[in-house]
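Residue 30 is where the sequence shown starts when you use our numbering, and the numbers rise one by one after that.
Each residue gets a CB set at the ideal place from its N, CA and C atoms; glycine is no exception.
What follows is a short report on a single structure.
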Amino acid sequence: MKKTLIIGVSENENRYANRVMKILIEKDYEVIAIGKKPGEVSGVKIRTKTIDIENLHTVTLYISPEIQKEYYDYIIAQKPNRVIFNPGSNNKEFQKLLEAEGIQVLNSCSLIMLTADYY
30 MKKTLIIGVS ENENRYANRV MKILIEKDYE VIAIGKKPGE VSGVKIRTKT IDIENLHTVT
90 LYISPEIQKE YYDYIIAQKP NRVIFNPGSN NKEFQKLLEA EGIQVLNSCS LIMLTADYY
């Protein structure tokens, strides 16, 4: 399965990152979550600090372009196969940096991708 890092997760069930995280867990994806506040979603801890992740396939972003700046180096260093910019997180500057590193960029919606079975 595609090990996925979600950045911008909260325990708020009305947030899309929370919904995506639950679906990924239900579908047996390995999920790592980073959010502003610590917590837990479906038994998976929400971290507030970055960690090194081996064999990371996907990063899905639910944070604004301004907040993304603090994650540029971290995400690139994790060498994911792809980064998904969900609605509201599109960031041309970061996209160019990722593409220069050979990382696939998708301006898409992880929730739709998962429910339509093309994640």
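DSSP beta-bridge partners of residue i
i, result
"Ala62", "Ile35 and Ile75"
"Asn136", "Phe114"
"Thr144", "DSSP, once it has assigned bridges, lists no residue as partnering Thr144."
As assigned by DSSP and simplified to three states, the class of residue i
i, result
"Glu69", "strand"
"Leu90", "strand"
"Arg48", "helix"
"Leu85", "coil"
"Asp102", "helix"
"Glu122", "helix"
"Glu42", "coil"
"Glu95", "helix"
"Ile80", "coil"
Straight-line Cα distance separating residue j from residue i
i, j, result
"Ser139", "Asp57", "15 Å"
"Ser118", "Thr87", "15 Å"
"Ser71", "Leu126", "33 Å"
"Lys78", "Ala145", "31 Å"
"Ile82", "Arg44", "24 Å"
"Glu95", "Asn120", "9 Å"
"Val134", "Arg111", "6 Å"
"Ile54", "Ala129", "31 Å"
"Leu90", "Lys31", "15 Å"
"Met142", "Lys74", "23 Å"
Buried/exposed call for residue i, threshold 16 Cβ in 10 Å
i, result
"Ile61", "buried"
"Asn115", "buried"
"Asn47", "buried"
"Ile35", "buried"
"Met50", "buried"
"Tyr100", "buried"
Meets three-Cβ-pair contact criterion under 8 Å: the stretch 59 to 76 and the stretch 34 to 47: yes
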